[in-house]
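Peer 1:
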Amino acid sequence: MDSSSKRKRTRGRLSREMIEDAAFEVIEREGLSGFSMRKLAAALGCEAMSIYHHFPSQAHLYETLVDRQMSALVVPDESLPWRERVRVGMQEFRRVATEHPA
């Protein structure tokens, strides 16, 4: 499939969730320093401007990715002793961080 066919296939069906998922994949593959909106667009089979319709800037996309990771954290039970809450919280942070290490 050539790139124009791939772009046509994605047009009109791009969602924020699709963009976020692809961004995590590109960041994991290229590293944060190698990430670009053009590389993300290529992974999605669309033009970079299509991404800007959902995220006004790369910084907004990064902020959304961080928020998504933070929302995946399970907050330790407040009835636990403080040391146990810290331990459980750190384990939870490690779990989420290892899912998307980049």
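Residue 0 is where the sequence shown starts when you use numbering that gives the first Met the number 0, and the numbers rise one by one after that. Glycine residues also receive a C-beta, built at the ideal position from the N, C-alpha and C atoms.
Can you tell me whether DSSP reads residue 79 as helix, strand or coil?
Peer 2: Of the three classes helix, strand and coil, the one that applies to residue 79 here is coil, per DSSP.
Peer 1: Determine the DSSP secondary structure at residue 32, reduced to helix, strand or coil.
Peer 2: Of the three classes helix, strand and coil, the one that applies to residue 32 here is helix, per DSSP.
Peer 1: Measuring CB atoms only, is the region 25-41 touching the region 84-97, in the sense that at least three cross pairs come out at less than 8 Å?
Peer 2: Contact fails: fewer than three Cβ-Cβ distances are below 8 Å.
Peer 1: On the three-pair Cβ rule with 8 Å, is the region 15-27 touching the region 59-68?
Peer 2: Cβ pair count under 8 Å is three or more, so yes.
Peer 1: Suppose you measure from the CA of residue 55 to the CA of residue 30; what does that come to, to the nearest Å?
Peer 2: Distance between the alpha carbons of residue 55 and residue 30 is about 21 Å.
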